[in-house]
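A short write-up of the structure that comes next.
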Amino acid sequence: MRATSSVIVGRFAETGLLSNALDAASRCSGRAVFFVGDAGIGKSRLAGECAYRAYERGMPVLRGRATSTGLVVPFRPLIEALSSRFRAAGTPTDPELDPYRPALARLVPEWRQGSSPGYPETVIELAEALLRLLSVLGQERGCVILLEDLHDSDTETIAVVEYVIDNVADLPVLLLGTLRPEPGVALDLVRSAERRQVATVRELAPLGDADVREMTASCLEAAPDEVPPATHERLAGRAGGNPYLVEVLLADLLDSGQLRRSGDRWEEHANPDASVPTGVVRSWSRRLDRFDEPVRELLLCAATLGSRFSVTVLQTVTGFDDRTLFSHLRSAVEANIIAPDGADPDRYTFRHALTAEALVASLAPAERAATARRAALSLAAAEHELGDEQRQLMATLQLAGGDRHGAARQFAGVGRRMLAAGASGSAVTLLERARSLAHESDLRGITESLAVSHAEAGELDAALALTAELPPVPPRSDAAEQRGEAHIRIAWAAVMAERVEEAAGQIRTARSMLGTAVRPELEAALDVVDGHLALLPGHAGHGRQERAQDAARRAAAVAEERSLPVVACQAWQLLALLSRERGFDEADACLERMLAVSEQHALPVWRVEALVRLGANTFMRTGDPARLETARTAAQSLGALVPTQTVDGLLAMNAVMRGEWDGAHEIIERSVAASARVRNLGAHRYLLLASAALAAHRGRRRDLDRAMVRFRRAGGEESLLVPLQLGLCRAFAALLEEDRAGALADLDASLAWEREHPSFFYLSGRYGLRPLLRILDGPGDRAELDATLESPGADLAWNQLFLRLAEGVLHGRAGDTDRAVRSVAAAVADADAFPLARHLGLRLVAGAALAEGWGEPVSWLRTSEEYFYGAGIQPVAAACRAALRQAGASVGQHRGGWDRIPAPLRTSGVTPREYEVFVLLAERPGNQQIARRLSISPRTVEKHMASLLNKTGRADRAALCEFSAECAAERD
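Numbering-wise (my numbering), the sequence shown opens with residue 534 and increments by one.
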């Protein structure tokens, strides 16, 4: 007879919630649900019920559990969840996951490629990759990820769970988590998610008396009224409505014979004077006494190792041979005390965490400590190298055995290794634990490591507070050097957070610790941090860039000499940025050296960084995206989501400038939302800027305005992208509306902003479009153009187009028509990559050529008119036609424009010319504005308006404008 219930009792509301959540996930409406309750209250049973119902629907289920042993293993529940699925079903092969496999390799061993160094993805990048994986798994019927005992989870897993909660709403995914109501980051996260209404949280209450009776009846395979009253009273009174305790106490009654079946009914034969368990500990103590001594010893050792234990470790501690070990394990399994762990073939698990706790508690304190010490010594004497998880287990056993200081050293060693591996959150947890246990002689080093861990985990204030508590050390000693290294690492974190004063303070402290005779390696690291600090806004002093460059050159020289490849890459990267103002050749030389160092020393992250920057420079100089594509492939092969999104922003802008609008839209769509989710703010803003440029270069004012709103909300107008927003977006939109004065005003505003906020962006119009417009409108002259030609920005192919056209205008104005024509021809010939800019430039200079009698303005206007008409940019096409008529040239009519008109309007008799007016009405312009943009008279606009009102059946102009806006929305 089993003492476990085969049905879920008293949880109707919770099972209903799960059914609704599963339905929603199958409809691509994701949910996050959490069950909170004390140990044994039934959280795991509800999770199992959810898994069963999901399996019935054909939904993939991924199930993982945090360890309850106190061991810190980054991403343990997630690794287990993915393994539980892929062990049986195999890993997915969908091409959509290709960019995410390298990042997911941290969770999926089958996707790891040898021992080659990989990209150290951030937790958020990993979370985004997990979301994509869950989306693919659930694309047909939805999928479920179950994460149990999150109160015992590591901080990295909690960060991933938070990301999934915030982004699961539109995905075919149900996230179900369970946890105890214990203070900690997991409970804080769940409460916060509940307050923000992005998760549903249910606290599981104890079962009522009727539910306890029904559960007892289920265990006994009897009707509720067949449960002996005394048995029910005993279970209801002592279990407190906890299902697990009901089962444990019932099992004790059955095992002891106090409750047994007599004929067709159950009877309790308890002797009032008999020894009756007063709690779970006594209950388990009685059950344990019924086993043979070797099995009892094995179970007590296993419980000492935790509620989940490794067979390998258990064998090391007990010394049993394989045959004896597995014989005893089978006995414990048959007694329903432990079970094989389905997620890991080397592990077994107690049926409930409370079971292990109760078994350990059944020992006398001295015996408990002796058992822990014996297990710790067995692990320390093991012949094989201990992993981090086993070292944490040894520390836990040492602590239970009374060796606090030994435990501290083990926790500190694992924490430092996790810090080196990038798991700074877990490092903080372990080092804080070590600090609370450490001997005074170890305390200083542990505190220094903890401060660095806090800094690299983004908790700079905590790091600074710890450094302030550190005791002084003798200057220029080994201890001072170790302290100085910690201050350098914290300074770098402060620079990355743009905390200028704090970074400067850490650098000063490091230098005072290290003195004047600093090891070259540390001096180089200091120079790199100092160089980046000198570039931050608000850093005091003159000649910031000169100081930064000097520091970077020193660091590069030392790093190359001393074989410090990471420092060398940091220095060359900084030098490349600073060299841009002197020209791209010098900047590219620095980047090529950075690339060579990264490849020589197998530093894939720095190689990608070099390729991205080289690709960006090549794209700006020539318009050729090939090297950027190479950089994207390299980043994607590493699973480097942040660099990949950065490259996508550059590729999208490149596609806009090349007139490849569909390609630009595709690139933006694939990365803009993901970049926001992973908080890659720089790439996200640039992608939004590319979206705005796309709208501007297509002459779509309403789309531009919407894009600008998104850009502003992302903080774009407080970023260094403002000049591009003004010069590459707004100024171009104005020119495509034939508003040259407005364009020049935007370009002037861009220049004013750049003078207040120096930057290294060269596509703002300052070095190309603005000089051309100023020369066309009069104020610009040869001296201004020559000054622009001397700048590095003049090397960009995009800018060269406008500068050569400006030269042509000046030559024509001076009467040198041959040189004028050659300048225009050279500009056009070298700008094949930029069709819109080329034709816009021809349209702009044609007016000057007509007025001054040089070049082939009629041919230029006809070419431009054909292009802009085909692109649907009617204001410029109309202006070209008007200029041709003023020049006395024949103007061909585009009578074939009927295909542009939507069928309902075409059948109403709307003509192509009327349709041009109709399209503009979505913006509600006046007749004068329409006339200017289409280069027709206001009288003609009035005639077209009257005809449109008649043909569309709209009552007035407002209704017609509304109709135009509706049609525009449909076109979008």
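A virtual CB, placed ideally from N, CA and C, is assigned to each residue, including glycine.
Mark residue i as exposed unless 16 or more other C-beta atoms lie within 10 angstroms of its C-beta, in which case mark it buried.
i            : result
residue 802  : exposed
residue 1285 : exposed
residue 1249 : buried
residue 1288 : exposed
residue 742  : exposed
residue 791  : buried
residue 1008 : exposed
residue 928  : buried
residue 987  : buried
residue 849  : buried
residue 1121 : buried
residue 1483 : exposed
residue 558  : buried
residue 807  : Low confidence applies here, because residue 807 scores a pLDDT of 37, under 50, leaving its location unreliable; read the following figure in that light. Exposed, because fewer than 16 other Cβ atoms sit within 10 Å of the Cβ of residue 807.
residue 1313 : buried
residue 738  : exposed
residue 566  : buried
residue 1341 : buried
residue 1242 : exposed
In whole angstroms, what separates the C-alpha of residue i from that of residue j?
i            : j            : result
residue 805  : residue 897  : A caution first: residue 805 carries a pLDDT of 42, below 50, which makes its placement in the model unreliable, though a value can still be read off. The straight-line gap from Cα to Cα measures roughly 27 angstroms.
residue 575  : residue 859  : 30 angstroms
residue 976  : residue 1027 : 24 angstroms
residue 856  : residue 863  : 11 angstroms
residue 811  : residue 712  : With a pLDDT of only 44 at residue 811, under 50, the local geometry of the prediction cannot be trusted, and the value read off the model is given with reservation. Using only the alpha carbons, I get a separation of about 27 angstroms.
residue 1030 : residue 984  : 16 angstroms
residue 621  : residue 866  : 23 angstroms
residue 1410 : residue 1167 : 42 angstroms
residue 609  : residue 779  : 31 angstroms
residue 1488 : residue 1416 : 36 angstroms
residue 701  : residue 1236 : 28 angstroms
residue 1138 : residue 1125 : 15 angstroms
residue 540  : residue 786  : 21 angstroms
residue 995  : residue 922  : 27 angstroms
residue 1226 : residue 1186 : 8 angstroms
residue 595  : residue 677  : 6 angstroms
residue 1396 : residue 1302 : 20 angstroms
Figure out for me which residue from the options has the closest Cα to the Cα of residue i.
i            : options                   : result
residue 550  : 594, 748, 1462 and 707    : 707
residue 1437 : 1457, 1463 and 1496       : 1496
residue 1112 : 759, 1355, 1491 and 1326  : 1326
residue 1253 : 712, 1219 and 1309        : 1219
residue 504  : 589, 571 and 573          : Nothing in the structure corresponds to residue 504, since the chain is present only between 534 and 1505.
residue 1212 : 638, 563 and 655          : 655
residue 490  : 1373, 1414, 739 and 1408  : This structure cannot settle anything about residue 490, because the visible part of the chain is limited to 534 through 1505.
residue 952  : 1190, 979, 1275 and 658   : 979
residue 1128 : 1117, 1116 and 1144       : 1144
residue 1258 : 1268, 1229, 1271 and 1233 : 1229
residue 670  : 894, 692 and 618          : 618
Which partner residues of residue i appear in the DSSP bridge assignment?
i            : result
residue 709  : 566 and 679
residue 1367 : Beta-bridge pairing links residue 1367 to no other residue.
residue 736  : 569
Can we count residue i as close to the ligand HEM, meaning its CB is less than 7 angstroms from some heavy atom?
i            : result
residue 1418 : This structure simply doesn't include the ligand HEM, nor any ligand for that matter.
For the alpha helix (DSSP H) that residue i lies in, which residues bound it at each end?
i            : result
residue 551  : 545-559
residue 795  : Unbroken run through residue 795 is the beta strand (DSSP E), 792-795; no alpha helix (DSSP H).
residue 843  : Segment 841-843 is the beta strand (DSSP E) holding residue 843; no alpha helix (DSSP H) there.
residue 597  : Unbroken run through residue 597 is the beta strand (DSSP E), 594-598; no alpha helix (DSSP H).
residue 1230 : 1214-1230
residue 777  : 776-789
residue 938  : 937-953
residue 823  : Looking at the DSSP string, residue 823 is not in any alpha helix (DSSP H), and its letter there is neither H nor E.
residue 581  : 576-589
Over what stretch of residues does the beta strand (DSSP E) that includes residue i continue unbroken?
i            : result
residue 1445 : Careful: residue 1445 lies outside any beta strand (DSSP E), inside the alpha helix (DSSP H) at 1445-1453.
residue 799  : 798-801
residue 871  : 871-873
residue 883  : 880-883
Using a beta-carbon distance below 8 angstroms, is residue i in contact with chain D?
i            : result
residue 1367 : Note that chain D does not occur in the displayed structure, where there is just one protein chain.
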